[in-house]
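Each residue of the sequence shown is one higher than the one before, counting from 1 in UniProt numbering.
Glycine included, each C-beta is placed from N, C-alpha and C at the ideal position.
Remember, it's a predicted structure, so these values are computed and weren't measured experimentally.
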Amino acid sequence: MSLKSMTGFARHKGLNDSASWYWEIKTVNAKGLDIRTRIPSFLEGLEHEVKKMVGQSLTRGSVFVSLSIEMEQMNERLQINEERLSQVIEISKKYSEIEGVSPASLDGLLGLKGVLELKTSERSEEDNKQLLEELKESLSENLVRLNEARLDEGARMQAVLSKQLDEVEHLVKQAVVVSGDRLDAMKHRFQSQLEKVYEGSESLSEERLAQEIATIAVKADIQEEIDRLNSHIEDARILLQEEKAVGRRLDFLTQEFNREANTLCSKSGDTKLTRIGIDLKTVIDQFREQIQNIQ
Numbered sequence: 001m002s003l004k005s006m007t008g009f010a011r012h013k014g015l016n017d018s019a020s021w022y023w024e025i026k027t028v029n030a031k032g033l034d035i036r037t038r039i040p041s042f043l044e045g046l047e048h049e050v051k052k053m054v055g056q057s058l059t060r061g062s063v064f065v066s067l068s069i070e071m072e073q074m075n076e077r078l079q080i081n082e083e084r085l086s087q088v089i090e091i092s093k094k095y096s097e098i099e100g101v102s103p104a105s106l107d108g109l110l111g112l113k114g115v116l117e118l119k120t121s122e123r124s125e126e127d128n129k130q131l132l133e134e135l136k137e138s139l140s141e142n143l144v145r146l147n148e149a150r151l152d153e154g155a156r157m158q159a160v161l162s163k164q165l166d167e168v169e170h171l172v173k174q175a176v177v178v179s180g181d182r183l184d185a186m187k188h189r190f191q192s193q194l195e196k197v198y199e200g201s202e203s204l205s206e207e208r209l210a211q212e213i214a215t216i217a218v219k220a221d222i223q224e225e226i227d228r229l230n231s232h233i234e235d236a237r238i239l240l241q242e243e244k245a246v247g248r249r250l251d252f253l254t255q256e257f258n259r260e261a262n263t264l265c266s267k268s269g270d271t272k273l274t275r276i277g278i279d280l281k282t283v284i285d286q287f288r289e290q291i292q293n294i295q
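See below:
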């Protein structure tokens with residue numbers, strides 16, 4: 001099973017000592033490859049890498065990639081503001097010389113606003129690089145999951161498409177049977193009509209009669225359409241087993257299928273064959289609808 005659907009969804013969670021995150025990727029069918037992202041602004045440069053990785057993994061589809069990330073609280077510690085402490089000590093000394101004013105205690109000084117500060121350690125450049133690498137690795141794993149999901153859906157679609165080709169083949173065989181009976185009936189009918197037109201006339205020779213009937217039979221013959229339909233069926237079955245993207249080629253084949261089915265209907269001249277032609281067009285339309293979602 002090698003077909004790959006353009007519809008898929010995958011989610012992957014990741015975490016390290018400084019952050020937790022999850023990637024989400026959603027894809028739907030499109031003529032080409034359209035990649036949109038939603039990446040937190042503080043992760044500078046990651047968006048370019050995301051689009052590059054997606055482009056290497058997918059060839060068709062409308063793709064939306066989002067990253068949600070929550071940074072862990074960094075280590076916090078108390079730190080003395082030496083400059084502020086020196087200032088309040090000087091002020092304390094000045095006023096302690098005044099009679100009746102008690103000297104300031106260390107507890108009192110440290111309790112003053114701005115003397116003790118809560119400092120959060122900053123992330124190093126190396127930490128940021130490490131986070132980006134882990135995020136890319138996590139995205140890569142999610143792309144693998146996405147492709148697995150698209151392959152699973154492709155396998156389901158392959159079974160449907162194979163069944164539809166079986167229906168087309170069955171209808172073509174019916175058309176062959178009906179066409180043979182129809183040509184014999186047409187020959188007899190036209191021969192009878194021509195004989196009535198030329199009744200009593202010596203101008204209609206056996207040779208001329210045979211030529212007229214042959215001309216009508218050639219115009220009504222659908223063998224070329226049958227041969228081409230069988231050839232398209234074989235080509236489609238081969239494409240369903242390909243290991244690469246075949247959506248566009250299958251779409252082209254459906255146009256060829258439709259062309260032959262239309263010609264068959266226009267040549268039919270017979271109710272049964274017309275019904276078969278209409279049934280063919282119906283199945284071909286269903287086939288074409290399915291392959292719009294094939295990569």
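Could you spell out where the beta strand (DSSP E) holding residue 38 opens and where it closes? 33-38
Look up residue 24 in the DSSP assignment and give the residues it is bridged to. 11, 66
Taking its Cβ as the centre, do 16 or more other Cβ atoms sit within 10 Å of residue 248, making it buried, or is it exposed? exposed
Can you list, in chain order, the residues of its chain with a C-beta nearer than 8 angstroms to that of residue 232? Leave out the 5 residues immediately preceding and following it. 253, 256, 257, 260
Is any heavy atom of the ligand GDP found at a distance shorter than 7 angstroms from the C-beta of residue 91? Although the ligand GDP was asked about, the structure shown includes no ligands whatsoever.
Compute the distance between the beta-carbons of residue 245 and residue 145, then report whether it is under 8 angstroms. no
I need the boundaries of the alpha helix (DSSP H) containing residue 274, first residue and last residue. 271-291
Please work out which residues of its chain come closer than 7 angstroms, Cβ to Cβ, to residue 8, disregarding the five sequence neighbours upstream and downstream, and give them in chain order. 27, 146, 149, 150, 153
Would a C-beta distance cut-off of 8 angstroms place residue 35 and residue 67 closer than the cut-off? no
Cβ-Cβ distance between residue 286 and residue 157 below 8 angstroms: no
Once you ignore the five residues that flank residue 292 on each side, which residues in its own chain have a CB closer than 7 angstroms to its CB? 29
Can you check DSSP and say which residues form a bridge with residue 71? 19
When the Cα of residue 108 is compared with those of 266, 89, 126, which residue comes out closest? 89
DSSP state of residue 111, grouped into three classes? coil
Report the rounded CA-to-CA distance for residue 140 versus residue 60, giving the unit in angstroms. 18 angstroms
Would you call the CB atoms of residue 172 and residue 230 closer than 8 angstroms? yes
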